Every structure is written in C-alpha cells, then in structure tokens.
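In what follows, a structure is listed as structure tokens, so that the remarks can point back to it.
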Amino acid sequence: MAIFIVHVTIENKPGISDPEGETILNDLVLKGTTSTVTKIKSAKMLQFTIKEKDKKSAKIKVQNICDELRIYNPMVSKITIDVFDA
Amino acid sequence: MSLESGELDDLTLKIGRKPTSTELQIVAAEWSEHCSYKSSKKHLKMLPMKGPLVISEKGYDSGVLDVGDGYVITAHIESHNHPSAVEPYGGAATGVGGVIRDILSAGTRPIAIFNGLRFGDIEKDLHARWLFKNAVKGIADYGNCLGIPTIGGEVEFDKCYSNYALVDVAAIGFGKKKNLIKNHAKTGDIVVLLGGATGRDGIGGSQFASDSLESENRSAVQIPDPFIEKLIIEAILEARTENLIHALKDLGGGGLSCAVSETADALSIGIEMDVDKVHTRELNMNPDEIMVSESQERMLIVTSNDKLKKLEGICKKYRITCSVIGHVTLDNMMHVKKGEKTCANLPTDVVANATLLDRPSKKPAYLENIENEKKLKPILDYTKMMMKFIASPNIASKIWVYGQYDHEVGIRTVVKPGKDASVLRLDNGKFLSAKIDGNPKHCYINPREGAIGCFEEACRNVVCTGAKPIGMLDHLQFGNPENPEIFWTFLESLKGITDFAKYFEIPCVGGKVSLYNETPSGQIKPTPIIGILGLIDKTPLSTQNISKGDCIVIVGQTKNEMGGSEYFEYIHKFIGGKCPTVNFLESKINMNSVLNVITKGLVKAAHDCSKGGLAVAVSELCMTYQIGCNISLEKVPNQKLDVDRILFSESHSRYLLVLEKKDLKKLETLLKKSKVEYNVIGVFGGDHIRFNKESKNIIDLSVDKSQKIWFNSLKELVLHG
Chain L
0 MAIFIVHVTI ENKPGISDPE GETILNDLVL KGTTSTVTKI KSAKMLQFTI
50 KEKDKKSAKI KVQNICDELR IYNPMVSKIT IDVFDA
Chain H
0 MSLESGELDD LTLKIGRKPT STELQIVAAE WSEHCSYKSS KKHLKMLPMK
50 GPLVISEKGY DSGVLDVGDG YVITAHIESH NHPSAVEPYG GAATGVGGVI
100 RDILSAGTRP IAIFNGLRFG DIEKDLHARW LFKNAVKGIA DYGNCLGIPT
150 IGGEVEFDKC YSNYALVDVA AIGFGKKKNL IKNHAKTGDI VVLLGGATGR
200 DGIGGSQFAS DSLESENRSA VQIPDPFIEK LIIEAILEAR TENLIHALKD
250 LGGGGLSCAV SETADALSIG IEMDVDKVHT RELNMNPDEI MVSESQERML
300 IVTSNDKLKK LEGICKKYRI TCSVIGHVTL DNMMHVKKGE KTCANLPTDV
350 VANATLLDRP SKKPAYLENI ENEKKLKPIL DYTKMMMKFI ASPNIASKIW
400 VYGQYDHEVG IRTVVKPGKD ASVLRLDNGK FLSAKIDGNP KHCYINPREG
450 AIGCFEEACR NVVCTGAKPI GMLDHLQFGN PENPEIFWTF LESLKGITDF
500 AKYFEIPCVG GKVSLYNETP SGQIKPTPII GILGLIDKTP LSTQNISKGD
550 CIVIVGQTKN EMGGSEYFEY IHKFIGGKCP TVNFLESKIN MNSVLNVITK
600 GLVKAAHDCS KGGLAVAVSE LCMTYQIGCN ISLEKVPNQK LDVDRILFSE
650 SHSRYLLVLE KKDLKKLETL LKKSKVEYNV IGVFGGDHIR FNKESKNIID
700 LSVDKSQKIW FNSLKELVLH G
C-alpha cells in the first residue's frame, strides 16, 4: 500500500455555459492590461489523500466515491481525475 | 425530437408539402404539450378571465390587474418540474428566471417571487433530500442575486413524488399603467434578440417536459446566470421608459421557435429572420439547434429602425449583447433563413396553433372505495403523538427554507414569510397580499373538492392578513393526459376551480398546465396549485404580541372530513376517507365576516385552520407568539365528533381569531349578525399548550420544547438525516 494524492476536477460539460468563468474573463481579466486571454473556465477541485495499492486502484476508488455520493451531478458536470504520488 | 405520426400528416396537409428538417424541429417544439396546451386548451376556456380590475392585451405572458391610482400589478406562475428533477439547482433557478421574464415582458418590474416545492418522502429517501436541498439553494441563489425578495410559498412531501420534483415558481410585478407594453408591430419593424448568447444547452426542453421522465439520460439542462438576468431587467425597463419597445416576448420553452411564431401570430404579422444573425456561444450550431435552443436569459423585442440606436446604447451601457435577427413582414409567415438559404417558411397560425385534442376521460377505478375508512389504531397518548406530528416534514416550520431567501430586499415586505400570507407595500399606499396553496392528498381522494379546497385555503390565507382576493393564478399539474383516468382528474379539478372562481367572482389572471408528470413508479397525485392575490386598501393586519388573557375564537364548523389529512396519512399511514368539501355559501359568509372584523381592527391575529387541523393551527399560533393556551374542545362547533377528529380534521372555511377580552363583545355582536358559526374556545396564558375535553386533559405541550422541535426538525432532517 502507498499513499497517493488524487485531484478531482469538477467542471460543467462542454456546451453548457459557465457564467462564473465568463464573468471572470470579461469583467476582470479583459478589463486589465491582459488581452491575450481568450477563455476562462471555472471548476471545483477536490484533493483526496488515499492509501491504495497502486495509481489505478486509487483512481477507480475515487471515481466510485464521486459517483456514489453524488459529489457531482453527471447531468451537468464532468470530472477529471489525476493521481499523483504523495 | 419528433412529431407524433398523426401530427406529421396534419402538418404536411396544412402546408401542402413535406416539411424541412428545421420546420420539423420548430413545429415539434411548438406543438409539444408544454407549448401548445393541445390537451387542455379547449377546457381552459371555462375559467372566468374577465373582471373589473383585469387588463388584457394581446401577447401578454402574465396577468395584469389594475390596483388604482395609475398602478398595475402583474402575476404569473410557471413550473420547472422536469429540469428540476434531473438538475435541481439549475432547474429551480432557471424556473425563477423564466417566470421573472414573463413579468418583465408586460413592462413591469418584478417585485416578489413565490415557490411551491414538492418532493418524495425526505425522511426515508436520500435522493428526495438531495433534490429538496439543491432546489431550495437554486431558488435562493437566483432570487437573492437578482435583488428580488422570495416572500412565500409552500413545501410538501409525498411518496408520489419519489425520484421527481414539482418546482412551481410564481412572480409578481408592479408598475405604472401607462408604462405597460402594448404589443404591436408594423411592416418594416425590426426584430431584436437581447441577452445571453444562444448555446446548445436546454435543446429540446419543451419536448422533454412533454414526455414522461423515464431516465436521466437527457441533455435538456439549463444553466442559470442571474447576473445577466438582472442586467436584462434593467435594460428592458429603461428601454420601456424610453418608449423603445413595440412588442416584447420572453424566450422560454421552445426557444426562438415559440417566441417568434407566437409573437407573429398574436400580432397578425409575419417575421423573417436569419439564424446567422443570432449571437451564439458555440461554433457551428446548425439552424435547427439555434431555433430550439432553450438557453436562458434572452428576450425578443420588436422595435423600429429609428429606435435601434438608442436601444443599442442601453444594451451597451448594461453590457448585454443584442442582435438584429430579422424584420416584420406582412405575409403572416415565419420565414427562417441562413444567409440566403431558406430553412423554414411556415404560416404562423399553423405553427402557433397545434390541432387541439379532445382527450377521452373516465372516472378512475381507485376512487370507487376510497372514501371508506378502515378501523384505526387508537392513540393512547396524544401529547406524544403531537410531538411527533409537529416534527414531521409537512407540519414542521419551513424556516430552514425561507430563511435562505432574502425576503426583505426591496423594502416592500411588511408581513414576512412564516405567516398565513406575505404582504407587500405598493407605491399608492395600498398593500398586496399573496399566497399559493396546493393539497395533492385531498385532490387524490377527490380531485374536484380538493382543488376547490386549495382555492379556498389560499383565499383564507390572504383574508387572514386583511386582504380581499382580487385575482387568481392556477397551475394544474397532472400525470399523463393520454390516460383517460388521469385526464378525468384534470377535468374535475378544473371544473371545481371554475365553479369557485365564478361564485366568488375572482378572475383567473394567469396559469399554466403541466402534464406528463410521471416517474418510473407511477403518476403523481393530481396537484393543482392556486395562487391568490389580495388587495388591502388601508392597513394590513400586522403582528402584535399575544398576551395573557387574550381569547381565541374559532369561526366555522369542524366536520367529519379526515380523508387526505396529515393525521390519517402521517400518523396512521392510511390513504382514504372523505376529504373536506367547501360549502360555497358558508365559505363566503365566513370569509366576509372575518375580513370585516379584521378591517374593524378587532382582532390581534388571524390564522387559518388547514394542514394538521385545529391542533396544529392552535399550536402554530402558540409557538409563533411563544405563549401557552388552554383550549376546551367541547366548545369547538362540530358534528359530535370524537376527540381526534375535532383535533385533526382539515375542514375548510375555519379561522382562528385572537383578540383582547374587552373586544369580545363587539366581535360576537358582529359575528352573530352575519350568522356565522363560531365559539370562544380558549384563553392564552402560561407556558403550556393544553387541549382539554370537559375536564380531562388530552394534550399538554411545553411551548418552549415544542417550539424548538417545530422550528428545527426540518433543518436537522435535511442536514443531518
């Protein structure tokens, strides 16, 4: 068993609008001196510290937790899971 | 999405050729039950819609009532059931957004939001709890961001809504009569789309709402953006004041398809538009997608070329996008182009008016024996039972819900949520009282009497604030209308509402029908919701402290009507019995007499007896005002009933009045004169709520202890299970 850090990024699915990201882009970033930014997407990230036998099982475990506990709503959001060594 | 097979033939026959793919999409959206009301429209005509205060204009999405001194109020009710059942936060929030734009489209400023929420059994069902929690949050976030107070509503839980949600939202607007938008258009006028960009979200929403909810695998989710909505409100109102708007329509179910075809049909014009001109959020959207997308926060405006510059200036100021998407023509056609290419060219009356249906109806078999009662287990300890009862989700205080809503923003709210009805201050010195009510448990047992009961209850609630009912909104929510038994319950409820409205001369100023409310486990109970608007000319009955020695009077008779009561269903787990019925004459006499004594300033507080019966109504008064009381049950006017029936029967037309002892004589004289059935049933004082029969104590609750439970149990249940 080893310790892994698992990042779960929850964001709106492509094609679904993201008022928060758009507001940050239009009302903050583009209002400043930067003009090279073209898009900002907002997301929520959860960081799990988990003890599992390898990266693969850590990923599966976290995916199951998120699905079962409705940590995100699959109708609206998608999640991306990244696993790192602790 | 597609048309039903008969409808495709119908369309082909009407236009004399095979429809194009875009035409199919447009017509499928507009002919869906959600947009066309094809099952219900024929019957809705029976409702009385006219009255001395009603102002009706073509193309209004909301009802308009004249409240005097050059002011009007507008009101509308909508539901967002299907979207909320799959994505409660966004679904409930966008529901609020939609109904607010309906208020806006008459040219009035939205000043209040109401909501009626119904979910499965949250005590056992975790999914129902998740839906409830998130729908409340969605409404709160959206309303609070907009700065519009959410001032009332109702929450109910019933197993029939398992895996589903009924989210009803009503809104009230206020404005000057001279500022109302008189929808009109002439050839050469231009059509402008204003607000959020069009994306792929919510495609097929109206069709989705017209199908049964079989699985979650749908893409009709809409994302709320209250900040754009707020900018739209301000931009539209400014454009209205500057007289820049000829006609205005909100984009709701069916998106551009419905807004364009309905505007054209209502104004007897044609509209030619180009989908390439629509500002989109995503690349490569095809014409079909643009026409039926239900992206939120958009409005359609008809204006003239010379006013465009000013309108664009306002949009720029509020940083919202507007694009000229087309112009008005004479030919009564809805002509959709992509550049030079024609995608659709249809007569607007064909698009906007689906062939209405005459659905068969049949009395449901389950009603045959529903009024028979079974033998109930006797209650040994009513005090213990009462403690459980006031903690139950349907009876417990809803403060956890309305505590999340800003109900004071706008400083109009003079009577706040948690009372019978909320009251708003209007600019002409008058007050507006409003309430929405539903009761699916009664309606299941008797769709007609149940619906009338909801109507009367909503009236009672506004009467308790000292207001006279002036207008009604109805929202009829039923299961699948293709099932004759379901359709029968729809017709019965509608007939009941019509009869009551006619008898009391309360016009129906707006409404909505939502059908196909069913889940994998079956149809929902019939759930008509009635919203009542009441007007107070002078001062509303506002909160005064109840003190020791004050008397409590009940008006109205308690009858043996236990069917659909919380007591039967929650305590005895029994669905059946005879549901409460309203005697129209008795109802009118009681309502007028109570209004009379409130107007004369004789009472300190008035409260209606409804869910949970007399026992709950009295306890609510005691817990709200934190004072005990002694009630003598033998003094309650009744039909020689057993103790539990006097306590828990939900008979209508009953009011509790609280007054100082010195005013009792005056009150009795007035009540006697109007031949109302009433009696003094107890006095306030002490710190216990006691119900006695003759000299025997039946219930004895500590005010403090019960108040804590009543206030906190719903929150505890939602947050900690």
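Protein chains in written order, with numbering that gives the first Met the number 0: chain L, 0 to 85; chain H, 0 to 720.
In this text, a Cβ means the ideal position worked out from N, Cα and C, and glycines have one as well.
Note that this is a predicted model, so its numbers are computed, not measured.
Give the residues of chain L in contact with residue i, contact being defined as C-beta atoms less than 7 Å apart.
i	result
H:Gly198	Gly14 and Ser16
H:Val288	Note on residue identity: the sequence assigns Glu, not Val, to residue 288 of chain H. Simply none; closest approach about 10 Å.
H:Glu724	Because residue 724 of chain H is not part of the residues shown, which for chain H are 0 to 720, the question remains open.
So, is the C-beta of residue i closer than 8 Å to a C-beta in chain H?
i	result
L:Thr22	yes
L:Val36	no
L:Val5	no
L:Asn72	yes
With respect to the beta strand (DSSP E) encompassing residue i, which residues constitute its N-terminal and C-terminal limits?
i	result
H:Glu3	It is not in any beta strand (DSSP E) - H:Glu3 carries neither H nor E in the DSSP assignment.
H:Gln403	H:Gln403 -> no beta strand (DSSP E), and no H or E assigned at all.
L:Ala85	That residue, L:Ala85, is in no beta strand (DSSP E); it is neither H nor E in DSSP.
H:Ile189	Ile189 to Gly194
H:Cys578	Segment: none, H:Cys578 is in no beta strand (DSSP E) and carries neither H nor E.
H:Cys342	Lys340 to Pro346
H:Ala170	Leu165 to Lys175
H:Asn283	Segment: none, H:Asn283 is in no beta strand (DSSP E) and carries neither H nor E.
H:Gln221	Premise fails: H:Gln221 is in no beta strand (DSSP E) and is neither H nor E.
Can you confirm whether residue i, when its beta carbon is compared against all beta carbons of chain L, has any partner nearer than 8 Å?
i	result
H:Asp273	no
H:Phe118	no
H:Trp30	no
H:Glu213	Confidence at H:Glu213 is low in this model, with a pLDDT of 40, below 50, so its placement is unreliable and no value can be given for it.
H:Phe131	no
H:Phe226	yes
H:Glu6	no
Determine the chain H residues that contact residue i at a beta-carbon separation under 8 Å, and present them in chain order.
i	result
L:Asn11	Ile222
L:Val75	Glu86, Gly89, Val220 and Ile222
Just curious, the alpha helix (DSSP H) that residue i is in, first and last residue?
i	result
H:Ser701	Per DSSP, H:Ser701 belongs to no alpha helix (DSSP H); it is in the beta strand (DSSP E), Lys695 to Ser701.
H:Gly97	Pro87 to Leu103
H:Ser260	Gly254 to Leu266
H:Phe156	Looking at the DSSP string, H:Phe156 is not in any alpha helix (DSSP H); the run it does join, the beta strand (DSSP E), is Thr149 to Phe156.
H:Cys314	Asn304 to Lys316
H:Asp287	Pro286 to Val291
H:Asn589	Phe583 to Thr598
H:Gln295	Here H:Gln295 belongs to no alpha helix (DSSP H), and DSSP marks it neither H nor E.
L:Gln46	Unbroken run through L:Gln46 is the beta strand (DSSP E), Lys43 to Glu51; no alpha helix (DSSP H).
H:Ser492	Pro483 to Phe503
Around the Cβ of residue i, are there at least 16 other Cβ atoms within 10 angstroms (buried) or fewer (exposed)?
i	result
H:His474	buried
H:His719	exposed
H:Asn304	exposed
H:Leu125	exposed
H:Glu213	Low confidence applies here, because H:Glu213 scores a pLDDT of 40, under 50, leaving its location unreliable and the question unanswered by this model.
H:Asn216	Interpretation of H:Asn216 is limited by its pLDDT of 38, a score under 50 that renders its predicted location unreliable; the figure taken from the coordinates is listed afterwards. Exposed is the call here.
L:Leu68	exposed
H:Met290	buried
H:Val26	buried
H:Ala395	buried
H:Glu3	exposed
H:Asp703	exposed
H:Tyr365	exposed
H:Met272	buried
How would you list, in chain order, the residues of chain L whose beta-carbon sits under 8 Å from the beta-carbon of residue i?
i	result
H:Trp709	Neighbours of H:Trp709 on chain L: none; closest Cβ ~30 Å, over 8 Å.
For this session: Could you name each continuous alpha helix (DSSP H) segment of 4 residues or more that falls completely within the segment 607-693 of chain H, going from the start of the chain to the end?
Result: 612-624, 642-647 and 663-672
Exercise. Which parts of the segment 104-137 of chain H are runs of the beta strand (DSSP E), unbroken and 3 residues or longer, counting only runs that do not cross its ends?
Worked result: 108-118
Problem set entry | Runs of beta strand (DSSP E) lying entirely within the segment 423-463 of chain H, each at least 3 residues, in chain order | 430-437
For this session: Return the chain-ordered ranges of every beta strand (DSSP E) run that is complete within the segment 524-577 of chain H and spans a minimum of 3 residues.
Result: 526-535 and 550-554
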